[in-house]
DNA sequence: TTCGCCGACTAAACCGGTATAGGTTTGCCC
DNA sequence: GGGCAAACCTATACCGGTTTAGTCGGCGAA
């Protein structure tokens, strides 16, 4: 209140040189103190940090990027038809989870939405050659996924969402979704269903084929044969088509296990449209537990995925990989079946 | 195939200095040629670019950022409860639209998902002080929105999604959503409905209050009084609650206009749960035309928004603002009513 | 012929950090 | 008391572009 002090003397950004001068040390030492590295006396370090604080100095991200060859950002590339993407709430929740660990670290998330795989590979290359990110999340793993080799070649630190079907140099953060499918089948079998069908996701996608396998083996284990399977691309439209096909048969299944919630919800809609009651005439289960699942009628019996938790774990793992050069695989708790109203005992006969 | 040529001689990144040497000019001139500025002879420029091409030179984004004080990235901050966010497909489509214009320009999108407004303001400040972005999109405009002043103070180029209710220094990219609401009311009135209710979004949000006003004035214009209105926060849960409240009344409305699709879909669920038939006993309309709208039963009569187009327009406008220092407001074509099965003539009586 | 000016181009400073090769102290040991 | 190493710290060269202050040659006007 009493001094016409500096501190507002100029709106020019304060730099490391200002801090160094004010603290009576060299730029280099300020840098060392900031990144707390050995070789700085404790009291000197304290003084430097205090001066920095007083001057309100924030090291320039840009300068840091240039000299340290890091970018302080992580990347996520999503390859999907935007139209289809919209109905899948996975990514928004996943990203929210990622943010919870990035934000406190001062890291940013660079997001790309691209239409196809070729563009996706190109995007990774650009991301690397621009030095835009320090690492990426690899999602929607596919069978024999070309992106793994691409990212390995690029030398870009990566965390895969799920364990690839091929040798991979990257840590995987996975959630066991086969358990939930098996639980679904057991639940339905326990209710008395014998003709259970599966609307599978794309067999080219790892979680699609894995859930399908889980379905088959659970069916066999329950002594129900292989069960009828219709493959889709995970889209709502495809799910609706599959449901229509299954339910229009002479002897339709009494229960359908859908590989994701959007398709299951479309399935409920198709059944109703056909005058088939859910769950009296056909039981339906989904996978994901998206918010809609609780609010459609009947409420969807589904398997609860936790994209937010997944995002958090993936971000923590990627951060560890980048900082220490290595990271272990992480296995999240298996997704569990959530019982609501869309599955019940089959109609007699 | 025949020459053991260079080009792979060293994996070291080729820099502007390499290009300059190879082309026999100075670094500065290469820079001038690259950013095609006056003062370079046409043939010299051509030669430089050709050498750059031959050497496979890509200017370092980091170096460019440092010296030019730009970051070649745009930002989008979303403040929402991640749980609620997931059910709203708006952003994924919007982002996809944004990407279609950013990608060809070599720009990246930095995305932040934050839990509340205070964090959002802080995020903008960090984004600016880190020089992380060259501009941002401001979405989910609120009444008397504090973010506008904040962004103006920060001097961050901004495009608002919709026209704010206060003086704003920023260009607005808007879509008229009142038209669609009015169309909905007229459609329902034309079918013979007299008791029409509105499940409004948050009155604190601009599109919430605007749609509500549009509803009210359309009702009056149709000579149907003010109509019953329930305010929500746009969330599915709130929409379900509102529907339950409305439909449990002694004299429930025969039609409900929902401020968005997720709430409308929840509304259909609630009605079915209560044993109220849609559309026989109650007609329902939504807003957004999310993908689910086509696949629930009955298919949702709703107003078609076009987030992808919006994203494209917003990105183009923001780009223009950043590059030329100014940009005009853009008005997208009004959202139109899409008639499906969830609204029909009311039951007699 | 000479001056002035303009367009093309060069050299070097600069952006704001990081990294590294020295320089001082200081303390300890023989 | 000289020798030496560890602990601290400084000076300076980067990182790879952009930008500015000049340099230089040539041409039109005086």
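Protein chains in written order, with my numbering: chain F, 1 to 349; chain Y, 1001 to 1349. Virtual Cβ for every residue (Gly too), placed ideally from N, Cα, C.
Practice task
For the region 1115 to 1144 of chain Y, enumerate the residues whose C-beta is nearer than 9 angstroms to any C-beta of chain F, in chain order.
Solution key: Look at the region 1115 to 1144 of chain Y: the residues with a C-beta under 9 angstroms from a C-beta of chain F are 1115, 1119, 1123, 1126, 1127, 1129, 1130, 1131, 1132 and 1133.
Problem - Inter-stretch contact (C-beta, 8 angstroms, three-pair minimum) for the region 108 to 118 of chain F and the region 1101 to 1108 of chain Y - result: Below 8 angstroms, enough C-beta pairs join the region 108 to 118 of chain F and the region 1101 to 1108 of chain Y to call them touching: three or more.
Problem - residue 139 of chain F: CB within 7 angstroms of a non-hydrogen atom of the ligand FMN - result: In the structure on display, the ligand FMN does not appear, and there are no ligands present to speak of.
Practice task
Can you grab the Cα-Cα spacing for the pair residue 1006 of chain Y / residue 1018 of chain Y, in whole Å?
Solution key: At residue 1006 of chain Y the pLDDT is 41, less than 50, meaning the model places this residue with poor confidence; the figure from the coordinates comes in the next sentence. Roughly 13 angstroms separates the two Cα atoms.
Exercise for the section: Note down, in chain order, each residue of its chain lying with its Cβ closer than 7 angstroms to the Cβ of residue 322 of chain F, except the 5 sequence neighbours on either side. Expected result: Correct list, in chain order: 134, 135 and 157.
Handout entry: Neighbour flag for residue 1332 of chain Y against chain F, beta carbons, 8 angstroms
Key = Nearest CB-CB separation between residue 1332 of chain Y and chain F: not below the 8 angstroms threshold.
Handout entry: residue 1149 of chain Y - DSSP class collapsed to helix/strand/coil
Key = Helix.
Problem - Neighbour flag for residue 1030 of chain Y against chain F, beta carbons, 8 angstroms - result: At a cut-off of 8 angstroms between C-beta atoms, residue 1030 of chain Y does not count as an interface residue with respect to chain F.
Exercise for the section: Specify, as a first and last residue, the run of the alpha helix (DSSP H) that residue 1212 of chain Y falls within. Expected result: In the DSSP assignment, residue 1212 of chain Y falls within the alpha helix (DSSP H) that extends over 1206 to 1221.
Practice task
Below 6 angstroms CB to CB, which residues in the same chain sit around residue 120 of chain F once its five sequence neighbours on both sides are set aside?
Solution key: Excluding sequence positions up to five before and after residue 120 of chain F, its CB lies within less than 6 angstroms of the CB of 77, 79 and 114, all in the same chain and listed in chain order.
Handout entry: residue 205 of chain F and residue 142 of chain F closer than 8 angstroms at C-beta
Key = Their beta carbons are under 8 angstroms apart, which means residue 205 of chain F touches residue 142 of chain F by this criterion.
Practice task
Measure how close the beta-carbons of residue 1160 of chain Y and residue 1202 of chain Y come, nearest whole angstrom, since I'm counting them as under 8 angstroms.
Solution key: Contact doesn't hold; Cβ gap of about 17 angstroms is too wide.
Practice task
Might you give, ordered along the chain, the residues of its own chain that have their beta carbon closer than 6 angstroms to the beta carbon of residue 1052 of chain Y, omitting 5 neighbours on each side?
Solution key: Cβ within range, chain order: 1019.
Exercise for the section: Tell me whether residue 1228 of chain Y sits in a helix, a strand or coil according to DSSP, three-state version. Expected result: In this structure, DSSP gives residue 1228 of chain Y an extended state, which the three-state scheme calls strand.
Practice task
List the residues of chain F whose Cβ lies closer than 7 angstroms to the Cβ of residue 1213 of chain Y, in chain order.
Solution key: In chain order: nothing, as chain F lies at least about 27 angstroms away.
Practice task
Check whether the region 61 to 70 of chain F touches the region 43 to 52 of chain F, taking contact to mean three or more Cβ pairs, one atom from each stretch, closer than 8 angstroms.
Solution key: The answer is no - the region 43 to 52 of chain F does not touch the region 61 to 70 of chain F, with fewer than three Cβ pairs under 8 angstroms.
Handout entry: Minimum Cβ-Cβ distance from residue 62 of chain F to chain Y less than 8 angstroms
Key = Yes, its Cβ sits closer than 8 angstroms to a Cβ of chain Y.
Practice task
Using a threshold of 8 angstroms, state whether the C-beta atoms of residue 191 of chain F and residue 346 of chain F are closer than that.
Solution key: Between residue 191 of chain F and residue 346 of chain F, the CB-CB gap stays under 8 angstroms.
Handout entry: Neighbour flag for residue 95 of chain F against chain Y, beta carbons, 8 angstroms
Key = By this cut-off, residue 95 of chain F is an interface position.
Practice task
Enumerate in chain order the residues of its own chain whose CB-to-CB distance from residue 1177 of chain Y is below 8 angstroms, with the five nearest sequence positions on each side excluded.
Solution key: In chain order, 1207, 1210, 1211, 1214, 1287, 1303, 1305, 1334 and 1335 place their CB closer than 8 angstroms to the CB of residue 1177 of chain Y, counting only its own chain and leaving out the 5 sequence neighbours on each side.
Exercise for the section: Would you decide whether residue 1002 of chain Y is buried or exposed? Buried here means 16 or more other CB atoms lie within 10 Å of its CB. Expected result: Note on residue 1002 of chain Y: pLDDT 37, under 50, position unreliable in the model; no value is reported.
Handout entry: Enclosing beta strand (DSSP E) for residue 258 of chain F [first to last residue]
Key = Taken as a continuous stretch (DSSP letters only), the beta strand (DSSP E) holding residue 258 of chain F covers 255 to 258.
Exercise for the section: Assign residue 123 of chain F to one of three DSSP states: helix, strand, or coil. Expected result: The answer is helix: DSSP assigns residue 123 of chain F an H, G or I state.
Practice task
Could you tell me whether any Cβ in chain Y is nearer than 8 angstroms to the Cβ of residue 278 of chain F?
Solution key: So, not an interface residue.
Exercise for the section: Mind listing the chain F neighbours of residue 1269 of chain Y? Cutoff is C-beta to C-beta under 7 angstroms, in chain order. Expected result: Within 7 angstroms Cβ-Cβ: 295, 296 and 297.
Practice task
Have a look at residue 1278 of chain Y and residue 1298 of chain Y and give me their C-alpha separation to the nearest angstrom.
Solution key: Taking the straight line joining both Cα atoms gives about 7 angstroms.
Exercise for the section: Go to residue 1198 of chain Y, then tell me how far its beta strand (DSSP E) extends in each direction, as first and last residue. Expected result: Residues 1196 to 1200.
Problem - Same chain only: Cβ atoms within 7 angstroms of residue 56 of chain F, ignoring 5 sequence neighbours per side - result: Answer for residue 56 of chain F: 14, listed in chain order.
Handout entry: C-beta neighbour in chain F for residue 1302 of chain Y, strict 8 angstroms
Key = Judged by the 8 angstroms Cβ criterion, residue 1302 of chain Y is not in contact with chain F.
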